[in-house]
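Undergrad: Below are the structure tokens for one structure; questions will follow.
There are 4 protein chains.
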Amino acid sequence: MSRQDSLEALRDALRAFARERDWERFHTPKNLAMALAGEAGEVIEHFQWLSGEESAALPEATRAEVSLELADVLLYLVRLADVLDIDLADAARRKMQINAQRYPVEKARGKSDKYNRL
Amino acid sequence: MSRQDSLEALRDALRAFARERDWERFHTPKNLAMALAGEAGEVIEHFQWLSGEESAALPEATRAEVSLELADVLLYLVRLADVLDIDLADAARRKMQINAQRYPVEKARGKSDKYNRL
Amino acid sequence: MSRQDSLEALRDALRAFARERDWERFHTPKNLAMALAGEAGEVIEHFQWLSGEESAALPEATRAEVSLELADVLLYLVRLADVLDIDLADAARRKMQINAQRYPVEKARGKSDKYNRL
Amino acid sequence: MSRQDSLEALRDALRAFARERDWERFHTPKNLAMALAGEAGEVIEHFQWLSGEESAALPEATRAEVSLELADVLLYLVRLADVLDIDLADAARRKMQINAQRYPVEKARGKSDKYNRL
């Protein structure tokens with residue numbers, strides 16, 4: 001019994017969701033990119049006045065809110081990739097390979113400046 | 001033979017990537033939320049001067065760049081969820097259910113104002 | 001002579017506002033940069049589902065909301081510049097000069113790609 | 001009397017800059033809101049891996065870069081307000097008054113949670 005890959009399952013569910021509501025016309029890449037950035041802005045607002053330590057020990061109510069904000073980012077990201085016909089999981093794997101070459105372990109260890117992008 | 005779910009596979013790969021480089025100390029939720037928003041900003045810059053139609057017909061070189069930017073957003077999103085101990089796929093499913101109740105098909109069809117969030 | 005629309009007047013008012021509330025300790029450049037990005041995200045959310053034309057003909061209530069969001073961006077921007085000891089008006093003038101050289105009128109006219117940054 | 005640091009002077013300069021380059025057609029509020037958010041994203045990227053203390057003690061080269069990024073945010077903000085026919089200085093003053101009522105000194109002092117918006 002296969003469980004569908006979660007990114008593909010989300011893509012399909014979002015595609016159906018938009019089609020049923022006749023929202024496809026609003027879902028241009030431009031508009032979805034704006035929605036993505038707007039949701040990322042909502043994520044950041046939860047953390048702006050916290051110290052790094054506080055941000056790692058959120059009250060449960062805040063953590064629950066943040067999880068739905070992260071979900072929003074993911075939903076718009078998956079939908080944006082879909083309308084651009086981009087395979088998001090594949091792009092992520094390719095970017096991981098690029099990062100592995102760009103930040104070799106021996107050079108990047110513990111460095112926070114240029115050697116520290118995911 | 002199971003293929004690991006892509007979000008879980010990414011989470012594990014990113015966790016190892018950070019650990020090997022001793023980057024865990026930089027990966028507070030606060031910092032990762034900033035990185036997420038920064039990458040979302042890079043996505044948006046590709047689309048800001050395009051019409052909706054143009055944004056749906058990107059030149060291939062631009063589409064390739066955008067796919068790596070979307071990958072960056074996904075990588076930081078997955079990593080942020082991980083350090084917050086949030087199950088991203090589960091949060092997305094819960095948000096989809098909330099959205100289905102909030103935007104019932106018959107009321108939301110073709111409306112672009114308040115009835116049109118993913 | 002009034003300096004009612006001056007950046008310096010705003011800077012001074014914000015400095016006093018923060019000091020009176022003992023908020024200076026929260027106003028690190030890092031935190032203020034996050035707040036700035038969060039507010040920019042709120043601005044964008046007002047426009048994400050609108051066409052370009054609709055965005056130029058906002059209902060009055062929306063326009064009133066947007067003007068307070070733009071104010072938020074300005075307040076955080078001025079405060080961020082202040083804690084970094086950056087002269088914002090001077091930086092803007094320098095950037096205008098750079099832009100004038102980078103986008104000469106004869107080459108940039110009507111081009112929306114690389115020739116079109118403020 | 002100089003109005004060297006004035007928002008109106010910037011607005012006028014930007015208006016002329018766009019008109020000379022025939023860029024007014026690209027300068028819809030929607031597009032300018034995207035550009036604003038993109039620039040705020042660039043600001044944030046300078047600070048994402050720094051501690052609060054490090055963010056307040058930028059190397060001079062970084063501070064110079066950041067000042068031009070802040071200038072970009074200001075330029076797009078002023079231009080966006082202009083195309084929306086919003087008086088930015090007036091909006092900022094109104095927002096300061098709202099904030100003064102919302103965060104009275106005696107209640108807001110030293111609080112970093114809900115009592116701490118500019």
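Residue numbers (full-length UniProt numbering), protein chains in the order written: chain W, 1 to 118; chain U, 1 to 118; chain L, 1 to 118; chain F, 1 to 118. Here a beta-carbon is modelled for each residue, glycine too, at the ideal position from N, C-alpha and C.
Taking C-alpha atoms, which residue in I44/U, E69/U, S55/U and E45/U lies nearest to D87/W?
TA: Translated into positions along the first sequence, residue 87/W becomes position 87. If we check each option's Cα against that of D87/W, E69/U comes out closest.
Undergrad: State buried or exposed for G38/W, treating a residue as buried only when at least 16 other CB atoms are found within 10 Å of its CB.
TA: Here residue 38/W refers to the residue found at position 38 of the first sequence. That one is buried.
Undergrad: Check whether the stretch 30-45 of chain L touches the stretch 77-86 of chain L, taking contact to mean three or more Cβ pairs, one atom from each stretch, closer than 8 Å.
TA: Flag = yes, the stretch 30-45 of chain L and the stretch 77-86 of chain L touch.
Undergrad: If you follow the alpha helix (DSSP H) that A33/L is part of, which residue opens it and which one closes it?
TA: As a first step, residue 33/L is located in the third sequence; it is residue number 33 there, counting from the start. Residues P29 to E45.
Undergrad: Residues bridged to S6/L by DSSP?
TA: Indexing the third sequence from 1 puts residue 6/L at position 6. Answer is S6/F.
Undergrad: Quick check on E54/L - is its C-beta less than 9 Å from some C-beta in chain W?
TA: Residue numbering aside, residue 54/L sits at position 54 when the third sequence is read from its first letter. False, the Cβ-Cβ gap to chain W never drops below 9 Å.
Undergrad: Just to confirm before moving on: does the CB-CB distance between R21/U and G41/W stay below 9 Å?
TA: Walking along the second sequence from the start, residue 21/U turns up at place 21. Walking along the first sequence from the start, residue 41/W turns up at place 41. In this structure, G41/W does not lie closer than 9 Å to R21/U by Cβ.
Undergrad: Does any C-beta atom of chain U lie closer than 9 Å to the C-beta of E60/W?
TA: Position 60 of the first sequence, counted from the start, is the residue given in the question as residue 60/W. Closer than 9 Å: no.
Undergrad: In or out: residue 119/W buried (at least 16 other Cβ within 10 Å) or exposed?
TA: Outside the displayed range of chain W (1 to 118) lies residue 119/W, so it cannot be described from this structure.
Undergrad: If distances are taken between C-alpha atoms only, which option among P104/F, D72/F, S6/F and Q48/F comes closest to T28/L?
TA: The residue given as residue 28/L occupies position 28 in the third sequence. Per the Cα distances, Q48/F.
Undergrad: Cβ closer than 7 Å: which chain F residues qualify as neighbours of R21/L?
TA: Here residue 21/L is taken as the residue at index 21 of the third sequence, counted from 1. Those within 7 Å of R21/L in chain F are Y103, V105, A108 and R109.
Undergrad: Classify D72/W as helix, strand or coil using the three-state DSSP reduction.
TA: Here residue 72/W refers to the residue found at position 72 when the first sequence is read from its first residue. It is helical.
Undergrad: List, in chain order, every chain U residue whose beta-carbon is nearer than 7 Å to that of A37/L.
TA: In the third sequence, the residue the question calls residue 37/L occupies position 37. A37, listed in chain order.
Undergrad: Just checking: is the beta-carbon of W26/L within a distance shorter than 9 Å of some beta-carbon in chain W?
TA: The residue given as residue 26/L occupies position 26 in the third sequence. A quick correction: the sequence has Phe, not Trp, at residue 26/L. Yes, contact with chain W.
Undergrad: Between A92/F and A13/U, what straight-line distance do the alpha-carbon atoms span, to the nearest angstrom?
TA: Looking up residue 92/F in the fourth sequence gives position 92. Looking up residue 13/U in the second sequence gives position 13. Cα to Cα, the separation comes out at about 46 Å.
Undergrad: Between A57/F and chain U, is there a C-beta pair that is closer than 9 Å?
TA: Locating residue 57/F in the fourth sequence gives position 57, counting from the first residue. A57/F does not count as touching chain U.
Undergrad: Using a C-beta cutoff of 9 Å, does I86/L count as contacting chain W?
TA: Numbered from 1 along the third sequence, position 86 holds the residue referred to as residue 86/L. Not an interface residue.
Undergrad: Which of helix, strand or coil does DSSP assign to M1/F?
TA: Counting from one through the fourth sequence, the residue named residue 1/F turns up at place 1. In this prediction, M1/F has a pLDDT of 38, which is less than 50 and means its spatial position is unreliable; what the coordinates show is noted afterwards. Coil.
Undergrad: Just reading off the alpha helix (DSSP H) that Q97/F is part of, what are its end residues?
TA: Translated into positions along the fourth sequence, residue 97/F becomes position 97. Per DSSP, Q97/F belongs to the alpha helix (DSSP H) from L88 to R102.
Undergrad: Is the Cβ of R15/U closer than 9 Å to any Cβ of chain W?
TA: Here residue 15/U refers to the residue found at position 15 of the second sequence. Output row for R15/U: interface = no.
Undergrad: Of all the options R11/L, A100/L and R63/L, which has the alpha carbon lying nearest to the alpha carbon of K30/F?
TA: Residue numbering aside, residue 30/F sits at position 30 when the fourth sequence is read from its first letter. Taking only the C-alpha atoms, the option nearest K30/F is R63/L.
Undergrad: Measure from the alpha carbon of E106/U to the alpha carbon of each residue in F17/W, V66/W, E45/W and D72/W, then state which is nearest.
TA: Indexing the second sequence from 1 puts residue 106/U at position 106. Taking only the C-alpha atoms, the option nearest E106/U is F17/W.
Undergrad: Strictly below 7 Å CB to CB, what residues from chain U border A40/F?
TA: Taking the first residue of the fourth sequence as 1, we reach residue 40/F at position 40. Here the neighbours are G41.
Undergrad: Of the residues E53/U, E45/U and G52/U, which one's Cα is nearest the Cα of residue 133/U?
TA: Past the edges of chain U, shown from 1 to 118, lies residue 133/U, and the structure says nothing about it.
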